[in-house]
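K.L.:
Before anything else, here's the structure in question.
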Amino acid sequence: MKVLEINGGRTLEGTIRISGSKNSSVALIPAAILADSEVTICNVPEITDTDALTEILDYLGATVKRASESIVIDPTTIVNKEIPEEMSSKLRASYYFMPVLLAKFGHVEMYFPGGCSIGARPIDQTLKGFKALGATIEEQENRYIIHANRLIGAHVYLDMPSVGATINTMLVAVKAQGNTIIENAAKEPEIVNVATFLNNMGARITGAGTSEIRITGVEKLEGCYTEVIPDRIETGTYIIAGSLAGNHLKIDNIIPEHVEMLILKMQEMGVDIEVGADYVIVSKTTSLRPVKIKTQGYPGFATDLQQPVTVLLTQCEGESILEETVYENRFKNVRYLNQMGANIDVFEKKIKIHGLTELTGNQVEATDLRAGACLVLAGLIATGTTTISNIGPVLRGYEHLVEKLTEVGASISLKEV
Ligand code: EPU
6 MKVLEINGGR
16 TLEGTIRISG
26 SKNSSVALIP
36 AAILADSEVT
46 ICNVPEITDT
56 DALTEILDYL
66 GATVKRASES
76 IVIDPTTIVN
86 KEIPEEMSSK
96 LRASYYFMPV
106 LLAKFGHVEM
116 YFPGGCSIGA
126 RPIDQTLKGF
136 KALGATIEEQ
146 ENRYIIHANR
156 LIGAHVYLDM
166 PSVGATINTM
176 LVAVKAQGNT
186 IIENAAKEPE
196 IVNVATFLNN
206 MGARITGAGT
216 SEIRITGVEK
226 LEGCYTEVIP
236 DRIETGTYII
246 AGSLAGNHLK
256 IDNIIPEHVE
266 MLILKMQEMG
276 VDIEVGADYV
286 IVSKTTSLRP
296 VKIKTQGYPG
306 FATDLQQPVT
316 VLLTQCEGES
326 ILEETVYENR
336 FKNVRYLNQM
346 GANIDVFEKK
356 IKIHGLTELT
366 GNQVEATDLR
376 AGACLVLAGL
386 IATGTTTISN
396 IGPVLRGYEH
406 LVEKLTEVGA
416 SISLKEV
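In terms of this note's numbering, the sequence shown opens at residue 6 and continues consecutively.
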């Protein structure tokens with residue numbers, strides 16, 4: 006079994022360059038199928054989630070070439086066949102193949118997707134979008150048979166601004182006949198990235214990044230070139246690392262606006278942070294003030310940064326409150342932080358963090374991706390050695406995590422035990 010071993014207490018200095026966004030890439034790769042010729046996606050991170058999707062593309066018969074940071078996909082040889090459950094259950098984003106195969110072939114058979122166990126994560130809003138555009142859906146336990154002789158644009162109102170349902174509805178609507186309006190759409194930057202990609206192919210989408218997206222269907226989409234935006238969650242994670250252990254640590258190649266809420270909260274705490282055009286420079290600061298944070302869809306405080314920021318709240322002097330409004334089960338990291346010396350009480354949807362507490366190295370487990378990121382951050386400031394087991398989820402989301410942290414002075418390594 007592989008574990009991550011961290012010897013805490015090192016100062017982080019130098020520059021961390023942020024990779025392409027996981028949550029954009031995992032939608033862009035399946036979206037490539039919609040084109041009728043070769044597409045190039047640049048700045049794709051080398052993480053296990055993107056590997057899993059390129060395996061699915063291979064399985065479906067596409068030609069995929071990986072050249073350092075880019076992926077070139079020729080989808081012209083794709084055949085429509087059921088994606089085996091062991092492939093689709095590896096990650097949430099496998100369900101982006103549902104709309105693209107439906108739009109291309111009028112029929113798709115697929116299993117319920119996988120993903121971190123942080124809540125129930127139903128897909129009812131995605132299915133609602135498909136039905137509104139004219140698809141019929143047969144549900145057999147965790148398998149879906151979706152069919153449409155003709156897809157016709159429609160008015161879709163999402164019950165909640167779901168990222169996945171917004172992207173899935175967009176991916177079907179680009180090739181449906183007529184106009185689609187998605188209301189109460191999610192506004193995350195990844196949605197804008199996907200819409201730009203589709204428009205580069207020849208789609209007609211306006212309003213991405215607002216709560217109302219309008220799409221006029223087109224018959225044909227052509228190959229094109231696109232670039233993945235910087236990963237805002239990786240950005241936030243390393244900014245937090247800098248605030249915990251940095252000495253003028255530079256987080257480079259970022260879009261600061263995408264992490265504005267985190268930066269505002271850090272400024273409220275009193276963190277020493279300088280914001281540039283495409284970078285921030287951040288240092289460890291003492292005498293931090295406690296704050297209240299509530300997770301929300303973009304541009305609110307990202308749920309994916311909730312677990313990582315908890316470590317910083319353990320270093321604030323006084324009681325901080327963190328409320329999770331997106332997922333029902335995203336506090337699995339707390340047990341391990343408390344084991345390391347934190348003083349955190351868990352209520353149903355809230356945690357209360359009583360700071361400041363010193364953290365001590367311990368044996369902990371990455372129960373999910375961002376819980377793992379939280380424990381890496383805790384390990385960086387804990388005295389002694391922290392050993393994190395079940396590191397698979399962490400490697401799904403952070404490109405070259407060990408190399409990037411080692412480069413700026415952390416003592417972190419992957420060990421076989
Ligand atoms: N929801 C429903 N029904 C639906 C869809 C969503 O009830 O049909 C609920 C979910 O259960 C959840 C909330 O709505 O409580 C938000 O879910 P959303 O659909 O927005 O999330 P997602 O598309 O499944 C993406 C990211 C997540 C990130 C969320 C929120 C990908 C592959 N995943 O998930 O990323 O937390 O948006 O921003 O893009 C991560 O990177 O660690 C991660 C979990």
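No residue lacks a Cβ here, since even glycine has one placed at the ideal position from N, Cα and C.
#1: Do you know whose CA, among I210, T231 and I286, lies nearest I245's CA?
#2: Per DSSP, S288 forms a beta bridge with which residues?
#3: Assuming T300 and V331 make a contact with CB atoms under 8 Å, what is their CB distance in whole Å?
#4: For my contact list, P50 and K27 are in at a C-beta cut-off of 8 Å; report their separation, rounded to the angstrom.
#5: With a 10 Å radius around its C-beta and 16 neighbouring C-beta atoms as the bar for buried, classify Y162 as buried or exposed.
#6: Go to A170, then tell me how far its alpha helix (DSSP H) extends in each direction, as first and last residue.
#7: On the criterion of 16 or more Cβ atoms from any shown chain inside 10 Å, does P235 qualify as buried, or is it exposed?
#8: Please tell me whether, using a cut-off of 7 Å, the distance from the CB of R237 to the nearest non-hydrogen atom of the ligand EPU is below it.
#9: Please confirm whether any heavy atom of the ligand EPU lies closer than 7 Å to the CB of M165.
#10: Could you pull the start and end residues of the beta strand (DSSP E) that I238 belongs to?
#11: Would L96 and A57 be called neighbours here (beta carbons separated by less than 8 Å)?
#12: Mind checking whether L17 and L254 have CB atoms under 8 Å apart?
#13: Give the list of continuous beta strand (DSSP E) stretches no shorter than 3 residues that lie fully inside the segment 139 to 222.
#14: Would you mind working out which of D257, E370 and D373 sits nearest T20, comparing C-alpha positions?
#15: If you draw a straight line from the C-alpha of Q312 to the C-alpha of G183, how long is it?
#16: Straight-line CA distance for R155 to T45?
#17: Could you check the C-alpha separation between G414 and L317 for me, to the nearest Å?
#18: Among residues of its own chain, excluding the 5 on either side of L33, which ones have a beta-carbon nearer than 6 Å to its beta-carbon?
#19: With the cut-off set at 8 Å, would you say G222 and K180 are in Cβ contact?
#20: For the beta strand (DSSP E) containing I356, name the first residue and the last one.
#21: Does at least one heavy atom of the ligand EPU sit under 7 Å from the Cβ of Y332?
#22: Quick check: is any heavy atom of the ligand EPU less than 7 Å from the C-beta of P127?
#23: Can you give me the Cβ contacts of V369 inside the same chain, cut-off strictly under 6 Å, excluding the 5 residues immediately before and after it?
#24: Could you check whether the Cβ of C121 sits closer than 7 Å to any heavy atom belonging to the ligand EPU?
#25: Taking the Cβ atom as the reference point for each residue, do I396 and L9 lie within a distance shorter than 8 Å?
#26: With a 10 Å radius around its C-beta and 16 neighbouring C-beta atoms as the bar for buried, classify K297 as buried or exposed.
#27: Looking at the secondary structure, which residues open and close the beta strand (DSSP E) in which D350 lies?
#28: Would you kindly report the start and end of the unbroken alpha helix (DSSP H) that includes V316?
#29: So E324 and I358 are supposed to be a Cβ contact under 8 Å. How far apart are they, rounded?
#30: Give the straight-line distance between the Cα atoms of L361 and E232, rounded to the nearest whole angstrom.
#31: Just verifying my parser: in three-state terms, what is the DSSP assignment at I52?
#32: At a cut-off of 7 Å, would you count V351 as near the ligand EPU, judging by its Cβ distance to the nearest heavy atom?
#33: Considering only the alpha carbon of each residue, which of E87, P35 and Q130 lies closest to L176?
#34: So which of T315, Q320, Q344 and I356 has the shortest CA-CA distance to E333?
#35: If you follow the alpha helix (DSSP H) that R375 is part of, which residue opens it and which one closes it?
#36: Pull up the CB-CB distance for V399 and G377, whole angstroms please, since I reckon it's below 8 Å.
P.N.:
In terms of the structure at hand:
#1: Here residue 245 is taken as the residue at index 240 of the sequence shown, counted from 1. If we check each option's Cα against that of I245, I286 comes out closest.
#2: For the purposes of this step, residue 288 is identified with residue 283 of the sequence shown, where counting begins at 1. Answer is D277, bridged to S288.
#3: Residue mapping note: residue 300 aligns to position 295 of the sequence shown, counting from 1. Residue mapping note: residue 331 aligns to position 326 of the sequence shown, counting from 1. About 5 Å separates the two Cβ atoms, so the contact holds.
#4: As a position in the sequence shown, residue 50 is number 45, starting the count at 1. As a position in the sequence shown, residue 27 is number 22, starting the count at 1. That belief holds up - the Cβ atoms of P50 and K27 are roughly 6 Å apart, short of 8 Å.
#5: Looking up residue 162 in the sequence shown gives position 157. Looking at its Cβ environment, which holds fewer than 16 other Cβ atoms inside 10 Å, Y162 is exposed.
#6: The residue given as residue 170 occupies position 165 in the sequence shown. Counting along the chain, the alpha helix (DSSP H) containing A170 begins and ends at V168 to A178.
#7: Mapped onto the sequence shown, residue 235 falls at position 230. By the neighbour-count rule (16 or more Cβ atoms within 10 Å), P235 is buried.
#8: Taking the first residue of the sequence shown as 1, we reach residue 237 at position 232. The answer is no for R237.
#9: On the sequence shown, residue 165 is found 160 positions in, with the first residue counted as 1. At least one heavy atom of the ligand EPU is nearer than 7 Å to the Cβ of M165, so yes.
#10: What you label residue 238 is simply residue 233 of the sequence shown in a count that begins at 1. No beta strand (DSSP E) contains I238, which is instead part of the alpha helix (DSSP H) from R237 to A250.
#11: Position 91 of the sequence shown, counting from 1, holds the residue named residue 96. Position 52 of the sequence shown, counting from 1, holds the residue named residue 57. Taking 8 Å as the Cβ cut-off, L96 and A57 qualify as a contacting pair.
#12: Position 12 of the sequence shown, counted from the first residue, corresponds to residue 17. Position 249 of the sequence shown, counted from the first residue, corresponds to residue 254. Yes. Within cutoff.
#13: 141 to 145, 148 to 152, 160 to 162, 184 to 188, 209 to 211 and 217 to 221
#14: Taking the first residue of the sequence shown as 1, we reach residue 20 at position 15. Nearest option by C-alpha distance: D257.
#15: Position 307 of the sequence shown, counted from the first residue, corresponds to residue 312. Position 178 of the sequence shown, counted from the first residue, corresponds to residue 183. Near 42 Å, if we compare the C-alpha coordinates of G183 and Q312.
#16: Within the sequence shown, the letter at position 150 stands for residue 155. Within the sequence shown, the letter at position 40 stands for residue 45. Approximately 29 Å, taken between the alpha carbons.
#17: Against the sequence shown, residue 414 aligns to sequence position 409. Against the sequence shown, residue 317 aligns to sequence position 312. So the alpha carbons of these two residues sit roughly 19 Å apart.
#18: Start at 1 with the first residue of the sequence shown, and residue 33 comes out as number 28. Closer than 6 Å at the Cβ level, and outside the excluded window around L33, lie I46 and F202.
#19: In the sequence shown, counting from the first residue as 1, residue 222 sits at position 217. In the sequence shown, counting from the first residue as 1, residue 180 sits at position 175. Yes, they are a contact pair.
#20: To locate residue 356, count along the sequence shown from 1; it is residue 351. From DSSP, the beta strand (DSSP E) with I356 extends over K355 to G360.
#21: Within the sequence shown, residue 332 is the residue found at index 327, counting from 1. Yes, the ligand EPU has a heavy atom inside 7 Å of this Cβ.
#22: For the purposes of this step, residue 127 is taken as the residue at position 122 of the sequence shown. Yes, the beta carbon of P127 sits closer than 7 Å to at least one heavy atom of the ligand EPU.
#23: Your numbering for residue 369 matches position 364 in the sequence shown. Correct list, in chain order: Y341, L380 and I393.
#24: Counting from one through the sequence shown, the residue named residue 121 turns up at place 116. Checking every heavy atom of the ligand EPU against the Cβ of C121, one is found closer than 7 Å.
#25: Indexing the sequence shown from 1 puts residue 396 at position 391. Indexing the sequence shown from 1 puts residue 9 at position 4. Contact: yes.
#26: In the sequence shown, the residue the question calls residue 297 occupies position 292. It is exposed - the Cβ of K297 has fewer than 16 other Cβ atoms within 10 Å.
#27: Along the sequence shown, one-based indexing puts residue 350 at 345. I349 to V351 is the extent of the beta strand (DSSP E) around D350.
#28: The sequence position of residue 316 within the sequence shown is 311, counting from 1. Looking at the DSSP string, the run of the alpha helix (DSSP H) that includes V316 is Q311 to L318.
#29: For the purposes of this step, residue 324 is taken as the residue at position 319 of the sequence shown. For the purposes of this step, residue 358 is taken as the residue at position 353 of the sequence shown. That belief holds up - the Cβ atoms of E324 and I358 are roughly 7 Å apart, short of 8 Å.
#30: The sequence position of residue 361 within the sequence shown is 356, counting from 1. The sequence position of residue 232 within the sequence shown is 227, counting from 1. So the alpha carbons of these two residues sit roughly 42 Å apart.
#31: Position 47 of the sequence shown, counting from 1, holds the residue named residue 52. Of the three classes helix, strand and coil, the one that applies to I52 here is coil, per DSSP.
#32: Mapped onto the sequence shown, residue 351 falls at position 346. No, Cβ of V351 sits at least 7 Å from all heavy atoms of the ligand EPU.
#33: For the purposes of this step, residue 176 is identified with residue 171 of the sequence shown, where counting begins at 1. Of the candidates E87, P35 and Q130, the one whose C-alpha sits nearest the C-alpha of L176 is P35.
#34: Stepping through the sequence shown from its first residue, residue 333 is reached at position 328. Nearest C-alpha to E333: I356.
#35: Numbered from its first residue, the sequence shown carries residue 375 at position 370. Start and end: L374 to I386.
#36: Indexing the sequence shown from 1 puts residue 399 at position 394. Indexing the sequence shown from 1 puts residue 377 at position 372. That belief holds up - the Cβ atoms of V399 and G377 are roughly 4 Å apart, short of 8 Å.
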